[in-house]
Every structure is written in C-alpha cells, then in structure tokens.
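In the numbering used here, the protein residues as written are 1 to 328. Ideal placement from N, C-alpha and C gives every residue a C-beta, glycine not left out.
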C-alpha cells in the first residue's frame with residue numbers, strides 16, 4: 001500500500017482505464033490546459049493529448065449533451081462538472097437523455113459514461129454552491145450513484161464506473177481532494193452497490209457515505225468508544241443501488257440504527273433507508289430509527305450558521321445515546 005491523495009486516486013483511475021481503451025476521454029471546464037479546477041486531471045493532457053482531454057466552454061448542458069451522444073455512438077466519456085451544483089444546468093441531458101436511452105431504445109443503445117465532480121458544502125461558498133443532489137439522482141431509474149469516502153474507494157469505484165455500461169453519477173467532496181489514504185500498487189476494482197463495513201460493532205449501527213464518514217461519523221465513534229459504546233459503521237459507497245442487505249444484517253445484530261447524511265431531510269437517502277429497515281427488520285428494532293441531516297433550509301453563509309446547519313459529531317453522539325436510551 002502507498003499513501004496518495006484523493007485527487008491522485010481519481011487521476012490514476014482515469015489514466016489506467018484510458019491507457020487500456022482509446023474510446024475513453026475526459027471533457028469539462030479547465031480539465032486540460034489548467035490541469036483541472038482541483039488538479040484531478042493534472043498531467044493528463046500531456047499524456048493523452050487534446051483529443052482525449054478536452055477543455056469545454058462554460059456550457060454544462062452543451063458538453064453533457066455532446067458526451068451523451070458520444071456514449072450512444074460507442075465512446076466512453078467522463079464528464080467533469082466543476083461542482084455538481086452546475087450539473088443542474090445539464091440535468092435534462094442527464095435525466096431525460098443518458099438515464100433513459102437504454103430503456104427508450106428497447107436496449108439498442110447503451111450509454112457508458114461517468115458524470116463526476118465535487119458535491120456538498122465546502123465552507124463559505126453560498127447556498128447555490130453547497131448542495132447535495134445524490135438523492136435527486138438516485139431517484140432516477142437508469143442511473144447509478146457513487147459517493148466514495150476515501151482514496152482507496154475513489155480509485156476502485158471510479159475504475160469500475162468507467163467500464164460500467166450504464167451512466168454513472170460519481171460524486172466527490174471538494175474538501176477531500178487533499179485527503180491521503182492507502183491505495184494498493186496492484187490494479188483493483190470495487191463492486192458498485194456493495195457497502196463497506198468500516199467497523200464491526202454490537203450496540204448500534206451507524207450508516208453514512210461520502211465525507212460524512214471521515215468528518216463526522218469517525219470522530220463521533222471515537223468519542224462513543226471512550227464512553228463504552230460499540231458502534232458498527234457502514235459506508236454505503238453507493239446510494240443507487242443501496243446495499244440494503246448489509247444494513248438489514250447489521251440492524252438484526254445491533255437492533256438500533258442512526259443514519260448520517262449531508263443532504264436535506266425530505267425525500268433523502270436516509271428516509272429511504274429508514275423505510276426499508278422498518279419494512280424488513282421492524283421486529284429487530286429496539287428503538288426508532290434516527291436520522292442526522294442538514295437543516296431544511298438553503299445553507300447560510302455565516303460560519304456559525306453553517307455549523308448549526310450541518311451534521312456534526314455532537315448530534316451523532318446524542319442520537320446514538322437516544323436510540324440506546326442512555327441518559328443525555
């Protein structure tokens with residue numbers, strides 16, 4: 001194993017697959033000459049040339065549409081959005097185009113492509129640049145939605161996403177690009193739709209994904225461990241498909257569930273998980289399922305209000321103690 005940054009893991013995944021298959025290309029704003037807004041594609045223009053690392057105009061609808069057409073014609077594009085907030089400009093191409101082509105063509109056209117870029121808040125960037133749309137995209141048949149939590153997952157999942165015959169939404173965190181983690185020297189792929197049990201436990205199940213794992217859940221679990229609580233932690237890795245079996249099996253063991261996600265509460269991933277658990281593991285629950293989400297409001301700009309809006313360690317610890325009926 002070697003320690004590399006999250007952005008390097010993504011770069012390696014794209015480069016390794018591009019060396020194998022010349023149908024794969026990357027396009028987006030500043031991905032070529034500028035080496036990527038977050039330096040994910042650094043050096044790739046020099047290696048693969050301007051026909052495969054393509055700078056686009058500031059027109060997400062335009063280049064998402066070009067990529068979707070290219071995918072149906074047999075190519076395998078990777079579309080980088082500078083942030084998934086900007087994917088809203090291209091959402092018709094993604095949802096009414098890429099996601100539906102296989103079904104509406106009666107299986108005649110597949111759409112092997114990846115839409116990737118940062119998601120969620122990254123500090124004081126304002127409400128229009130701090131949103132989580134994983135539940136929006138996960139609500140769309142025809143799409144798969146992947147949200148890696150560390151460099152190891154980022155590389156293995158992106159390599160699998162690139163060769164998948166379906167359109168993939170691959171969401172990263174802007175604040176994680178510099179995170180370091182262990183990545184094997186040898187080539188590897190990670191299955192899309194398979195959750196990762198980060199920590200075994202017996203008292204409570206905590207389900208999360210993306211940067212909530214390292215920024216909120218792991219510190220909360222450290223605090224809970226000091227207080228004698230043995231939490232089991234599941235990183236979903238993907239939110240469409242969701243690995244319900246991993247969650248249900250864990251709840252059958254711990255009898256309690258807390259779900260942590262950064263998105264708004266209404267119609268969220270945690271809402272869907274809570275329904276599924278009460279439907280399929282109701283008799284195993286010793287307490288109601290609790291969710292920790294962002295406040296149901298556009299993200300404020302003031303740092304104090306941002307802190308009050310987002311999931312944090314204190315809220316997770318409190319929720320775990322509540323489902324365990326431990327005195328607050």
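Where does the unbroken beta strand (DSSP E) through residue 231 begin, and where does it stop? Residue 231 -> beta strand (DSSP E) spans 231 to 235.
List the whole-angstrom C-beta distance separating residue 206 from residue 221, where the pair is believed to meet the contact cut-off of C-beta under 8 Å. About 7 Å; that satisfies the 8 Å criterion.
Starting from the Cα of residue 71, find the closest Cα among 259, 191 and 163 and give me that residue. 163
Any contact between the region 32 to 43 and the region 63 to 77? By contact I mean 3 or more CB pairs, one from each, below 8 Å. no
By Cβ distance below 6 Å, which residues in the same chain neighbour residue 44 in space, the five residues on each side in sequence not counted? 53
Does the distance from the C-beta atom of residue 138 to that of residue 235 stay below 7 Å? no
Proximity to residue 100 [Cα-Cα], best of 27, 166, 132 and 74: 166
Distance between residue 294 and residue 264 (C-alpha atoms, nearest Å): When rounded, the distance between both Cα atoms is 5 Å.
Please work out which residues of its chain come closer than 7 Å, Cβ to Cβ, to residue 77, disregarding the five sequence neighbours upstream and downstream, and give them in chain order. 25, 27, 67, 70, 71 and 113
Buried or exposed: where does residue 103 fall if 16 or more other Cβ atoms within 10 Å of its Cβ makes it buried? exposed
Residue range of the alpha helix (DSSP H) that residue 333 falls in? Only positions 1 to 328 of the chain appear in this structure, which leaves residue 333 out of reach.
Helix, strand or coil, according to DSSP, for residue 109 in the structure here? coil
Select from 92, 73 and 245 the residue whose C-alpha is nearest the C-alpha of residue 109. Distance from the Cα of residue 109 is smallest, within the candidate group 92, 73 and 245, for 73.
For residue 259 and residue 274, which I take to be in contact (beta-carbon distance under 8 Å), what is that distance rounded to the nearest angstrom? Yes, they are in contact, since the Cβ atoms of residue 259 and residue 274 sit about 7 Å apart, within 8 Å.
So what's residue 303 in DSSP terms, helix, strand or just coil? helix
Please work out which residues of its chain come closer than 8 Å, Cβ to Cβ, to residue 61, disregarding the five sequence neighbours upstream and downstream, and give them in chain order. 89, 90, 92 and 93
If you draw a straight line from the alpha carbon of residue 96 to that of residue 225, how long is it in whole angstroms? 47 Å
Answer yes or no: do residue 118 and residue 83 have a C-beta to C-beta separation smaller than 7 Å? yes
Classify residue 128 as buried or exposed, calling it buried when 16 or more other Cβ atoms lie within 10 Å of its own Cβ. exposed
Can you tell me which of the three DSSP states residue 162 falls into? helix
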